[in-house]
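Chains as they are written, first to last, in our numbering: chain A, 1 to 175; chain B, 1001 to 1629.
One structure below.
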Amino acid sequence: MSRAILRVLLCLLAGVFAPAQAEDTYRQQMKGLDEQVQEVKSDVLSIAAELNQLRERLLYPSDTHLAVFVALARGETLRLDAVQIKIDGQPVANYLYSFKELEALQKGGVQRIYTGNIATGEHDIEISLNGKLANGKDHTHIEHFAFTKAVKPKLMGLTLAGPDSGQPAVSIGDW
Amino acid sequence: MARSRHVLLSFALAASLAATAVSAGDLKDLYFGEAIFEAAQGRYFEALERLDAELAQHRRVDEPERDSLHYHRATAEFDVGDFELDYRMHHRAGRAIKAVLEANVDDVIRNEAAFRLARIHFQKDQPEDALHALERIHGKVPEAIRDDIEFLRANVYLALGRPADAVPVLTKLQGAQGLRGFAAYNLGIALLQAGHSPEALHQLEQAGQIASRDPATAAIRDKSNMVLGRMMLESARFDRAQQSFDRVRLDGPYSNQALLSAGWADASAGNFERALVPWRILIDRDTTDSAVQEARLALPFAYGKLNVYGRAALFYGQALDSFGGELEKLDASIRSIREGNFLKALVREEIHQDKNWVVRLRTLPDAPETFYLTTLMASHDFQTALHNYLDLEDLRRKLVTWQGSFDAFDDLIRLRRANYEPLLPEIDAQFRELDSQMKLRVEQRDHLRKRLKDILTAPRPELLATTDERIALERIRSVEKAIAGVPEEQRAGVQESVQRLKGVLIWTLRTEYPERLTQAYKNLQALQQHIDVLTAQYAAFVRTRQAAVHSYAGYDDLISRLRTHVGSALEQVDMLKARQGALIETVAIDELEARAERLETYQSQARYAVADSYDRATKAQAEAAGALP
C-alpha cells in the first residue's frame, strides 16, 4: 500500500475516532454552569421542604390529617390497572397506573394515593382494585375496613396482592 | 487520549453499576417507600424531597431506634447519595454516605458506604479521594459488591495514571461474571498504558471474542475490536485489523465505523475489490452518519484504484448529490437552531418517556436540527448540559406553580380569619364560663376522693349518711341540746326516746357502712367517667380552638419569606436556563458547522475526483478504442 493512501485513511479515520465533544472552552463553561445548576437545585429543594411543611400545616393539620399509601406485596405478579378509594362512602381517589408506576411499585415503592382531612372518630374505608393476573384474566376485588382516626395524623398503608399469592388481597397497616 | 480513556472507563463503570437497582425489602417507613416510588420513575427531585425530609426528621428525634426509618437508615443514606448522583448533584452526593462512615456501624455497612463514597468521588472526577475512600475498606466486605470494589479500584488506578497497579487487580477480575467484557477490555487498556503492548494486544483480542448476548457486554466487545483494529491498522497489520473489524456486530453502535475501517484495512492492503464490500453496505445507511459520508468518497476511490473509472465517476456524482443535500439539511438545521427550535424540541414532553430520549430526538417530526447531533448528544458533557437544561425547565415549572399557590394560601388564610375572628370572642366567653364550672366540679370530685380515702384509714360512718339521716341526726342533736338544760326528772322520758332514735340511726350507719362505702366508690367512679368525657370534650375544644387560630395565624412571615425565595430562585433559574440554552445552541451550531465544513471538503474532493474519473474513463475508452484493430 502506498504511504499516500495510508495518510488519507488515517486522516479520515481520525475524523471517525475524534471525540465529538465540545471544545475545552465550552467544556469549562458547561462545568461552570453545571456547578451553578447544582446550587440552584439545592436551593429549590430547600424551598420545597419548607413549602411542604407549610402546605401540610395549612391544608392538612395533624388532628385531621389522613394519608393513604399503596404498595404491592413482595414478588406480586398482579398487573395493577386501577385503584379506587372511598372513605365513608365518598370516593376520594381513583388512580390509573402507568407501566412505569407499576414497575416502581414492584420495586418496593409506595405510592401516596390520597391525602386529606377527616374528623377524629370511627370511619370506613373501601378499597377496590382492578388488574390482570399473570394468566391474563381480569381481577377485581373490593374490601372494606373500619378504622379510627385519633388526634395524631393517620398514615394508612394498603398492601395489595393477587389471589395467587396466598396473601390477603388487601392488608392494612398503620404507621 | 486521556479524555477518551476517561470516557471508556466511565462507560465501563456505568454499565457495571446499572445492575444496582433501587430495592426495598420489608418496608417499615412509608415515606422511604414513597421516595423509592418516585426514584424508580426517574423523579429524583421528588425522591430527594421526600427522603431528605425523612432523614432530617429521623436525625432530630430523641430516640431514633424507635423511629420507623431506623430500620432502613443505612439504605436510606445510601439511596439519598444515589438519588443525588442521578439528579446530577455531585456536590451534595456523598454527604449522607460520609455520615454513615462516621457512625458506629458494622463492617458490612461501613465497607459498602466506603465503596459508594469512592464511586461518587470517581464519578465526580476525584480519583485521589476515591482511592482514599477505597482504602478505608477493611474487615468483612459484602459478597455482592466484592468484585465491584476491585473493578472500581482498578479504574481509579487507571484514572490516576497508575496502570501498572490496575493490571493485577483486573487480572484477578477476569472470571467475575457481572464484569465480563469490561474487566477484559480495561485490562487490555491497562496493559497498553503500562507499556506492555504485546500482552495488551493479546488481551484486547480476548476481550473482542467474549461470547455474550448481553447488550452492554456485546458493546464493550465491539469497542475492544475497534480499538484493536485501529491499533493494527496503524501498525500496518491489515489482516489482523480486518479480523477485528469483522468481529464488530453489523447492528451495533460501532457498526458503521467498523464497516468503514474494514474497507480501509482492505484498501490499505491493496485489496480494493474486497474493500468495495463493506463500503457498498455502508453507503446505503443513514446519510447523516460521518462514516457513511466518508464511505461515499471511499467507494469510488476504490473503483478508481480498480481502474473502473466510469463507475467511480458515477459514485462520485452520487456522493456530490448526497453531500449537496446534506449541506442543505445542515444549513436548515443551523437556521432552525438559531430560531430556538432545538431547545423547543428538547422540552417536548413526549420524548422524555423513556431513558433513551436522546436517541429518540432523531425520530421527532419537525426537528431536523437533531439529525446531525446524535454523536454530540452522546457525549458526556453535552448530555449533562441537556439534562441540566431540562432540569432547569422542570424547576422553572415547579417554581411558577408554587408562586401561584402563595396567592391561594393568602386567600385561604384571609377567609379563615374572616370566618373565625368574629366568632372567637363569644366562644371564648362561653368557654371561660364552662371552664370555671368544670374546675369547680373537678375540685368537688377531688374533695370527695380525698374524703373517701380518709374514711378508709379512719372510718367515719356519719360521713356516708343520707340527707334524711343527716337531717334526723341534726334534729336529734338539737333536741339533745334543748333538753340539756331541763331537770333530769323532767327529761328522762324524752332523753330515752332521743337515745333510742340516735341508736337506731347509728346502728343503721354502722351496719350499712361497708355497702355504703362500696356504693360511694362506685358513685365516684361513675363521676370519674363523666369527668373523663368532660375532660375529653374540654381537650377537644381547646384543640379545635387552637386549630382554628393556627389555621390562619402565624403564616404571614413564612409565606412572605418563601415568596421571596421562590421569586429569586425563579430569576436564577431563568437566567441559568437562558445561559445553558445559549451554550447548548452554540455548541450544537459549532458541531453542525464543523460537519458542514467537512462535507464541503468532501464535496470539493468529489468534484475534483468526478472530473478526474470522467477524464480517466474517457481516456481509457479511447485507449481501448485505439487498441482495437
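Glycine is no exception: its CB is placed at the ideal position from the N, C-alpha and C atoms.
- Straight-line spacing of the CA atoms in B:Leu1152 and B:Gly1263 works out to 37 Å.
- B:Gln1444 sits exposed, since fewer than 16 C-beta atoms from the chains shown fall within 10 Å of its C-beta.
- Where A:Met156 is concerned, the enclosing beta strand (DSSP E) starts and stops at Lys154 to Leu160.
- A Cβ-Cβ distance of about 14 Å is found for the pair B:Val1108 and B:Glu1077, leaving them out of contact under the 8 Å criterion.
- Of the residues assessed, B:Asn1186 falls on the buried side of the cut-off, its CB having 16 or more other CB atoms within 10 angstroms.
- The bridge partners DSSP lists for A:Arg112 are A:Phe69.
- Counting C-beta atoms within 10 angstroms of its own C-beta, B:Pro1422 has fewer than 16 neighbours from the protein chains shown and is therefore classed as exposed.
- Annotation: A:Gln84 to A:Gln90 spans about 11 Å, alpha carbon to alpha carbon.
- Counting along the chain, the unbroken alpha helix (DSSP H) around B:His1447 starts and ends at His1380 to Thr1457.
- Judged by beta-carbon spacing, B:Leu1314 lies beyond the 8 Å limit of B:Val1573, meaning their Cβ atoms are not closer than that value.
- Counting the other Cβ atoms within 10 Å of the Cβ of B:Arg1335 gives fewer than 16, which makes it exposed.
- With contact defined as three or more Cβ pairs closer than 8 Å, the stretch 94-103 of chain A and the stretch 136-151 of chain A are not in contact.
- Our two residues, A:Pro168 and A:Leu160, have alpha carbons roughly 8 Å apart in a direct line.
- Looking at the DSSP output, B:Gly1139 sits in no beta bridge, so it has no partner there.
- In the three-state reduction of the DSSP assignment, A:Gly173 falls in the strand class, which pools E and B.
- Assignment of B:Leu1562 by DSSP, reduced to helix, strand and coil, places it in the helix class.
- Remark: C-beta atoms of B:Ser1604 and B:Tyr1316 do not approach each other more closely than 8 Å.
- The beta carbon of A:Val83 does not come within 8 Å of any beta carbon belonging to chain B, so the residue lies off that interface.
- Nearest neighbour of B:Glu1128 by Cα position, chosen from B:Glu1469, B:Pro1278, B:Gly1161 and B:Ala1113, turns out to be B:Gly1161.
- Under the DSSP assignment, B:Ile1337 falls in the alpha helix (DSSP H) whose first and last residues are Tyr1309 to Arg1338.
- Within the same chain, Cβ atoms closer than 6 Å to the Cβ of B:Glu1038 are found at Glu1046 and Ala1047, the five residues on either side in sequence being excluded.
- Counting along the chain, no beta strand (DSSP E) covers B:Glu1063, and no H or E run does either.
- In this structure, the alpha-carbon of B:Arg1543 lies about 45 Å from that of B:Arg1088.
- One alpha carbon belongs to A:Gln36, the other to B:Asp1079, and they sit about 23 Å apart.
- With respect to B:His1121, B:Ala1130 sits close: the two C-beta atoms are nearer than 8 Å.
- Residues of chain B with a Cβ closer than 8 Å to the Cβ of A:Lys152 do not exist; the shortest Cβ-Cβ separation is about 11 Å.
- Near chain B, meaning a CB-to-CB distance below 9 Å, the residues of the stretch 24-46 of chain A are Tyr26, Arg27, Gln29, Met30, Lys31, Leu33, Asp34, Glu35, Gln36, Val37, Gln38, Glu39, Val40, Lys41, Ser42, Asp43, Val44, Leu45 and Ser46.
- For B:Thr1171, no CB of chain A lies under 8 Å from its own CB, so it is not counted at the interface with that chain.
- For A:Gln111, at least one C-beta of chain B is nearer than 8 Å to its own C-beta.
- Every alpha helix (DSSP H) of 4 residues or more that sits fully in the stretch 1147-1191 of chain B is shown, in chain order, as 1163-1172.
- Counting the other Cβ atoms within 10 Å of the Cβ of B:Arg1110 gives 16 or more, which makes it buried.
- Taking 8 Å as the upper bound for CB-CB distance, A:Asn130 and A:Ala73 are not in contact here, some 17 Å apart.
- Residues are counted here when their Cβ sits less than 7 Å from a Cβ of chain A; for the stretch 1375-1388 of chain B these are Thr1375, Leu1376, Ser1379, Asp1381, Phe1382, Thr1384, Ala1385 and Asn1388, given in chain order.
- Of all residues in the stretch 1160-1184 of chain B, none places a beta-carbon less than 7 Å from a beta-carbon of chain A.
- Just measuring C-alpha positions, the residue of A:Gln106, A:Ser98, A:Thr64 and A:Asp63 sitting nearest B:Gly1033 is A:Gln106.
- Against chain B, the CB of A:Pro168 has no partner CB under 8 Å away; the residue lies outside that interface.
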